[in-house]
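Engineer: Handing you a structure now.
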Amino acid sequence: AEDTGLRVELAEEDDCSNSSLALRLWVEDPKKLKGKHKDNEAIEFSFNLETDTPEEVAYEMVKSGFFHESDSKAVAKSIRDRVSLIKKTREKPAGC
Amino acid sequence: SSLTQVVHSAGRRFIVSPVPESRLRES
Numbered sequence: 001a002e003d004t005g006l007r008v009e010l011a012e013e014d015d016c017s018n019s020s021l022a023l024r025l026w027v028e029d030p031k032k033l034k035g036k037h038k039d040n041e042a043i044e045f046s047f048n049l050e051t052d053t054p055e056e057v058a059y060e061m062v063k064s065g066f067f068h069e070s071d072s073k074a075v076a077k078s079i080r081d082r083v084s085l086i087k088k089t090r091e092k093p094a095g096c
Numbered sequence: 001s002s003l004t005q006v007v008h009s010a011g012r013r014f015i016v017s018p019v020p021e022s023r024l025r026e027s
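Protein sequence lines correspond, in order, to chains A and B. For the first sequence, the working numbering gives the first residue as 1, with consecutive numbering after it. For the second sequence, the working numbering gives the first residue as 1, with consecutive numbering after it.
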């Protein structure tokens with residue numbers, strides 16, 4: 001995946017029984033972001049695979065003051081990449 | 001450690017915590 005300077009990982013192990021995931025996002029490379037942000041902070045949030053979109057969550061993070069508007073695309077992309085990976089893992093027979 | 005919770009108007013809850021040092025800049 002393209003390096004956005006952001007890292008998104010599962011905050012809890014995925015047991016594949018729930019469409020809602022707990023994800024954690026943090027800034028790995030501040031130089032890749034356009035706006036200011038708080039250092040060394042991880043943001044944990046829920047993401048529903050069926051009803052949520054990465055763009056929507058990124059927008060909420062911007063509105064909540066975690067990121068500058070200009071970084072919302074990078075935030076959305078980071079979430080989208082991780083969610084795609086989780087979905088692919090779930091689709092594999094041995095994924096869960 | 002201190003945790004901060006922010007609830008967006010849409011209802012989603014964001015929990016802010018410090019990133020463990022071991023997770024920073026790992027490649």
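Each residue gets a CB set at the ideal place from its N, CA and C atoms; glycine is no exception.
What's the C-alpha gap between G11 of chain B and V57 of chain A?
Structural biologist: Going from the Cα of G11 of chain B to the Cα of V57 of chain A covers about 11 Å.
Engineer: Express the C-alpha separation of R7 of chain A and V62 of chain A in angstroms, rounding to a whole number.
Structural biologist: About 16 Å.
Engineer: Pairing CB atoms from the segment 31-41 of chain A with CB atoms from the segment 10-22 of chain A, are three or more of them under 8 Å?
Structural biologist: No, they do not touch.
Engineer: In chain order, what residues of the same chain have a beta carbon less than 7 Å from the beta carbon of F67 of chain A, not counting five sequence neighbours either side?
Structural biologist: Excluding residues within five positions, the ones whose Cβ falls inside 7 Å are G35, H37, M61 and V75.
Engineer: Does any C-beta atom of chain B lie closer than 8 Å to the C-beta of K63 of chain A?
Structural biologist: Yes, contact with chain B.
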